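Those protein sequence lines, which keep their order, are chains A and B.
Be aware that the first sequence starts at 1, since it is given in our numbering, and climbs by one per residue.
Be aware that the second sequence starts at 1, since it is given in our numbering, and climbs by one per residue.
Idealized CB from N, CA, C, for every residue including glycine.
From a predicted model like this one, the values you see are computed outputs, not experimental measurements.
Right, one structure below, let's go through it.
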Amino acid sequence: MGSKKRRKKPPALDKDFGQAHTEIKMQLSGNYGQPEVYSATLVDLRRGDAAVLDGIDLPGEDARRLMELGFLPGARVTAGRSAPGGDPRVFQVDGSEIALRRETARRLKVRLSKTPRGK
Amino acid sequence: MSGCSDCASCSVAGVVELPSTPATRTVAVIGPPNSGKTTLFNRLTGLRQKVANFPGVTVEQHTGAAELPDGRSVQLIDLPGVYSLSPRSEDEQIAHDVLTGQRADTPKPEAVLLVLDATNLARHLMLAAPILALGMPTLVVLNMADDLRNRGGRVDLKKLSAELGAPVALVSARQGDGIERVFEFLAGAMPKPAPKELPILQDVPKCRQWAGRVGLQAAYHAPIPPRWTRRLDAVFLHPVAGPLIFLAVVIVIFQSIFSLGDPSKKAVDWLIQHSGNWIASALPASLFRSLLIDGVWKGVGSVVAFLPQVLLLFLFIGILEDSGYLARAALIADRTMAKVGLQGKSFIPLLSAYACAVPAIMSTRTIENKRDRIATILIAPFMTCSARLPVYTLVIAAFITKRRLIGWLLSTQAAAMLGLYLLGFLAAVVTARVLKSSILKSGRTPFLLEMPSYRWPTVQSLGLRLLDRSKVFLRRAGTIILLVTVALWVMTVLPFENGKPVDIEHSLAGTVGHTIEPVIRPLGFNWKIGVGLITAVAARETIVATLGTIYAMDPKSQAQELESALHHDLSPGGAVALLVFFAFAMQCISTIAVVRRETGGWKWPAAQFAYMTVLAYAGAAIAAHVIR
Numbered sequence: 001m002g003s004k005k006r007r008k009k010p011p012a013l014d015k016d017f018g019q020a021h022t023e024i025k026m027q028l029s030g031n032y033g034q035p036e037v038y039s040a041t042l043v044d045l046r047r048g049d050a051a052v053l054d055g056i057d058l059p060g061e062d063a064r065r066l067m068e069l070g071f072l073p074g075a076r077v078t079a080g081r082s083a084p085g086g087d088p089r090v091f092q093v094d095g096s097e098i099a100l101r102r103e104t105a106r107r108l109k110v111r112l113s114k115t116p117r118g119k
Numbered sequence: 001m002s003g004c005s006d007c008a009s010c011s012v013a014g015v016v017e018l019p020s021t022p023a024t025r026t027v028a029v030i031g032p033p034n035s036g037k038t039t040l041f042n043r044l045t046g047l048r049q050k051v052a053n054f055p056g057v058t059v060e061q062h063t064g065a066a067e068l069p070d071g072r073s074v075q076l077i078d079l080p081g082v083y084s085l086s087p088r089s090e091d092e093q094i095a096h097d098v099l100t101g102q103r104a105d106t107p108k109p110e111a112v113l114l115v116l117d118a119t120n121l122a123r124h125l126m127l128a129a130p131i132l133a134l135g136m137p138t139l140v141v142l143n144m145a146d147d148l149r150n151r152g153g154r155v156d157l158k159k160l161s162a163e164l165g166a167p168v169a170l171v172s173a174r175q176g177d178g179i180e181r182v183f184e185f186l187a188g189a190m191p192k193p194a195p196k197e198l199p200i201l202q203d204v205p206k207c208r209q210w211a212g213r214v215g216l217q218a219a220y221h222a223p224i225p226p227r228w229t230r231r232l233d234a235v236f237l238h239p240v241a242g243p244l245i246f247l248a249v250v251i252v253i254f255q256s257i258f259s260l261g262d263p264s265k266k267a268v269d270w271l272i273q274h275s276g277n278w279i280a281s282a283l284p285a286s287l288f289r290s291l292l293i294d295g296v297w298k299g300v301g302s303v304v305a306f307l308p309q310v311l312l313l314f315l316f317i318g319i320l321e322d323s324g325y326l327a328r329a330a331l332i333a334d335r336t337m338a339k340v341g342l343q344g345k346s347f348i349p350l351l352s353a354y355a356c357a358v359p360a361i362m363s364t365r366t367i368e369n370k371r372d373r374i375a376t377i378l379i380a381p382f383m384t385c386s387a388r389l390p391v392y393t394l395v396i397a398a399f400i401t402k403r404r405l406i407g408w409l410l411s412t413q414a415a416a417m418l419g420l421y422l423l424g425f426l427a428a429v430v431t432a433r434v435l436k437s438s439i440l441k442s443g444r445t446p447f448l449l450e451m452p453s454y455r456w457p458t459v460q461s462l463g464l465r466l467l468d469r470s471k472v473f474l475r476r477a478g479t480i481i482l483l484v485t486v487a488l489w490v491m492t493v494l495p496f497e498n499g500k501p502v503d504i505e506h507s508l509a510g511t512v513g514h515t516i517e518p519v520i521r522p523l524g525f526n527w528k529i530g531v532g533l534i535t536a537v538a539a540r541e542t543i544v545a546t547l548g549t550i551y552a553m554d555p556k557s558q559a560q561e562l563e564s565a566l567h568h569d570l571s572p573g574g575a576v577a578l579l580v581f582f583a584f585a586m587q588c589i590s591t592i593a594v595v596r597r598e599t600g601g602w603k604w605p606a607a608q609f610a611y612m613t614v615l616a617y618a619g620a621a622i623a624a625h626v627i628r
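As structure tokens, this is what we get:
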């Protein structure tokens with residue numbers, strides 16, 4: 001809860017690019033064939049990236065709402081298109097497309113077990 | 001029994017013959033949002049529908065009669081779209097209470113039509129668990145059969161029926177395929193569901209696992225993703241083209257409400273005026289004639305004249321919503337709206353409020369978040385609605401000489417008009433910010449927006465929408481507004497002197513105008529404007545008609561046009577004050593009534609009226625003080 005990053009000034013998009021690139025590099029730099037698991041949040045996904053949902057860091061009621069829409073632990077989430085500026089973003093999950101604001105997407109922890117650019 | 005193999009009800013154990021006749025049957029229609037529940041309801045009931053509010057809450061209650069092939073009819077209740085039955089939101093509470101027979105105003109349904117999207121069955125089946133757990137006779141309606149087929153999906157109905165212990169029908173509510181199965185269920189012996197092992201309802205992951213297993217057993221083959229939706233989203237959600245299209249849509253709606261709505265409003269106005277005069281000429285001059293023509297006909301008529309604009313707006317909203325574009329528009333607008341503390345779904349209602357706050361407030365139903373919805377309702381009347389235009393036009397024409405500011409692009413009068421639009425908009429933005437950072441703070445409730453697949457809107461669904469809205473609108477014009485206009489008319493003719501009504505200055509309305517004169521004097525208004533302000537509480541543009549009557553009856557200004565009469569009667573400061581007052585004040589009985597209806601009580605409309613009146617008074621007082 002207290003992990004609010006007070007870095008609102010630099011454009012948020014740049015920050016994301018940075019993180020995603022780091023992750024690609026890490027994966028490319030070794031561990032051939034081994035399913036390496038990285039933890040991240042939905043915000044870190046770029047369009048076309050898929051990940052497995054790990055947990056929802058939100059109060060019970062809100063988490064339930066998200067789960068009813070298909071955001072269940074273990075579900076595969078793919079990042080889709082977004083509004084101009086990247087917020088909110090549409091996510092494909094369990095056969096539907098749900099748009100989440102960045103502030104919500106940040107609370108959904110995912111495991112990146114595949115190549116982030118993969119289908 | 002031809003229906004047996006189709007609806008698979010025979011494979012279900014424990015068929016119970018219900019003693020009641022279908023004529024008295026009440027059946028609830030329930031399903032998740034975007035399952036096509038309302039389309040099915042429309043298909044089954046057609047024009048035999050009624051809309052009302054569930055008493056005390058903001059949820060709308062649609063009931064209708066489905067006529068069976070044999071001539072009998074079944075009462076259907078269209079419940080709000082919900083993902084689960086655990087009563088957390090108002091919608092879920094209503095659905096839960098109706099289904100369990102806990103609402104005194106609604107009879108407990110005998111059976112349930114559970115509508116699920118066949119193209120997204122695994123997730124939608126989650127709602128089957130709590131519904132089947134009720135133990136009521138249930139028909140599981142898998143809707144969107146056409147989409148399922150076209151996109152290569154499959155499901156074994158018999159196996160699904162056996163898994164669920166309830167009959168299943170695969171239909172396309174849009175095209176009418178398979179609807180006869182639903183009628184067969186409604187007409188026949190509605191079987192109670194066979195007891196099956198259901199998951200713990202509170203545990204969402206368990207429910208989803210159960211739904212997945214049921215889908216697997218029923219050989220459910222999910223269809224491929226909708227190709228056209230992806231293609232259209234590539235355009236509508238394109239980083240550059242998307243916002244441009246959004247802007248174009250907004251401009252087209254805004255422009256047509258003015259360019260198409262205004263002439264049709266004038267046509268209705270003309271019709272009312274002339275039919276009024278025609279009736280007047282057929283009646284002998286009497287008080288009764290005056291009541292009928294000046295009170296009822298023209299009073300109620302001035303409100304009915306807004307019907308074309310209201311319908312036009314709802315036609316646009318209907319097309320946007322049914323086609324699936326509204327969700328994309330909300331997505332694009334969300335970031336901008338978030339800056340004032342609101343969300344994307346508030347955008348369309350606020351845009352609509354430029355035409356009329358009444359349909360705008362009705363259209364806030366698309367906002368699920370209750371606090372955001374109330375905030376949107378509270379700021380909507382600040383948007384410059386079309387009823388303010390006649391007032392603005394009159395005062396601006398009377399006081400501002402037409403001069404060019406920027407070539408032919410902008411005249412002084414147009415600039416004044418633009419300034420008034422801006423003034424209302426600023427009041428709305430500031431109010432929204434204040435509300436959303438204080439009493440209506442949404443807190444952490446996440447913003448969730450489901451993107452439905454694009455679909456062609458059907459003529460039937462659009463037609464029924466417009467019919468619904470006209471009924472709601474006209475019913476109000478025929479009740480509250482009728483009452484107020486008659487009361488106003490009575491005030492202008494009472495008291496009697498020698499068996500005849502006195503002139504308007506000494507009438508009850510005139511007396512009230514004189515009484516409030518000390519209060520409105522600081523704003524630069526005299527008693528005549530005061531009477532106008534009182535009548536404008538019914539509807540803003542009434543002040544134009546009222547002033548017309550008063551100046552026409554006053555011997556001093558009898559010969560003058562309304563504009564020059566007003567020019568001589570009001571100081572420039574008073575004129576600006578009048579404009580500011582109209583920009584801020586909530587002078588519209590229809591809006592007050594619709595806010596009461598939509599918020600389910602007098603608390604919000606009362607607070608809103610008080611706030612806007614205080615703001616209007618203060619603003620006008622400052623304006624009158626600064627400009628002399």
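{"Asked": "Cross-strand partners of G64 of chain B (DSSP beta bridge)", "Found": "B:Q49, B:L76"}
{"Asked": "7 Å Cβ cutoff, I622 of chain B in contact with chain A", "Found": "no"}
{"Asked": "Closer than 7 Å to chain B by CB, R102 of chain A", "Found": "no"}
{"Asked": "For N143 of chain B: DSSP bridge partner residues", "Found": "B:D117"}
{"Asked": "Any beta strand (DSSP E) of 3 or more consecutive residues that is wholly inside the stretch 405-453 of chain B", "Found": "448-450"}
{"Asked": "Exposure label - V626 of chain B; buried when at least 16 CB within 10 Å", "Found": "exposed"}
{"Asked": "DSSP beta-bridge partners of D203 of chain B", "Found": "Answer is none; D203 of chain B lacks a bridge partner."}
{"Asked": "Proximity of G510 of chain B and R433 of chain B at Cβ, strictly below 7 Å", "Found": "no"}
{"Asked": "Chain-order list of residues whose beta-carbon lies under 6 Å from that of Y611 of chain B (same chain, five-residue window excluded)", "Found": "none"}
{"Asked": "Pick from B:L449, B:R403, B:S386 that is closest to Y421 of chain B, judged by C-alpha positions", "Found": "B:S386"}
{"Asked": "Euclidean distance between Cα positions of D62 of chain A and L85 of chain B", "Found": "16 Å"}
{"Asked": "D368 of chain B, DSSP secondary structure in three states", "Found": "Looking at the sequence shown, residue 368 of chain B is not Asp but Glu. It is coil, neither helix nor strand."}
{"Asked": "Partners in chain A for R88 of chain B, counting only beta-carbon separations shorter than 7 Å", "Found": "E61"}
{"Asked": "Residue-chain proximity (M144 of chain B, chain A), Cβ-Cβ < 7 Å", "Found": "no"}
{"Asked": "C-beta contact flag for A64 of chain B and R48 of chain B at 7 Å", "Found": "Correcting the residue type first, residue 64 of chain B is Gly in the shown sequence and not Ala. Yes, Cβ-Cβ distance for G64 of chain B and R48 of chain B is below 7 Å."}
{"Asked": "Sub-7 Å separation of G619 of chain B and V580 of chain B beta-carbons", "Found": "yes"}
{"Asked": "Any chain A beta carbon closer than 7 Å to F447 of chain B", "Found": "yes"}
{"Asked": "CB contact check: P80 of chain B to chain A, cutoff 7 Å", "Found": "no"}
{"Asked": "is_contact[A610 of chain B, chain A] using C-beta, thresh 7 Å", "Found": "no"}
{"Asked": "Any C-beta of chain A under 7 Å from that of S84 of chain B", "Found": "yes"}
{"Asked": "Minimum C-alpha distance to V512 of chain B - residue among B:L449, B:F496, B:G524, B:T492", "Found": "B:T492"}
{"Asked": "Cβ contact (3+ pairs, closer than 8 Å) linking the stretch 222-240 of chain B and the stretch 156-168 of chain B", "Found": "no"}
{"Asked": "W278 of chain B, buried or exposed, once every other Cβ within 10 Å from all chains shown has been counted against 16", "Found": "exposed"}
{"Asked": "Reduced DSSP category for S89 of chain B - H, G, I as helix; E, B as strand; rest coil", "Found": "coil"}
{"Asked": "Exposed unless 16 or more other CB atoms sit within 10 angstroms - verdict on R475 of chain B", "Found": "exposed"}
{"Asked": "Bridge-paired residues (DSSP) for L271 of chain B", "Found": "BP columns for L271 of chain B are empty, so no partner."}
{"Asked": "Sequence ranges, alpha helix (DSSP H) only - wholly within the stretch 52-96 of chain A, length at least 4", "Found": "60-68"}
{"Asked": "Interface residues of the stretch 37-57 of chain A facing chain B [CB-CB below 7 Å]", "Found": "none"}
{"Asked": "Cβ of P33 of chain B within 7 Å of any chain A Cβ", "Found": "no"}
{"Asked": "Contiguous alpha helix (DSSP H) assignments of at least 4 residues, all confined to the stretch 315-343 of chain B", "Found": "325-338"}
{"Asked": "CB contact below 7 Å: P130 of chain B versus chain A", "Found": "no"}
{"Asked": "Cα-Cα separation, E68 of chain A to H124 of chain B", "Found": "9 Å"}
{"Asked": "Where L170 of chain B sits in the DSSP three-state scheme", "Found": "strand"}
{"Asked": "Bridge partners - H221 of chain B, DSSP secondary structure assignment", "Found": "B:R154"}
{"Asked": "Listed by chain order, chain A residues near R149 of chain B by CB distance under 9 Å", "Found": "By Cβ distance, chain A contributes nothing, its closest Cβ being about 17 Å from R149 of chain B, past 9 Å."}
{"Asked": "Nearest-angstrom Cα separation, counted from L350 of chain B out to M362 of chain B", "Found": "11 Å"}
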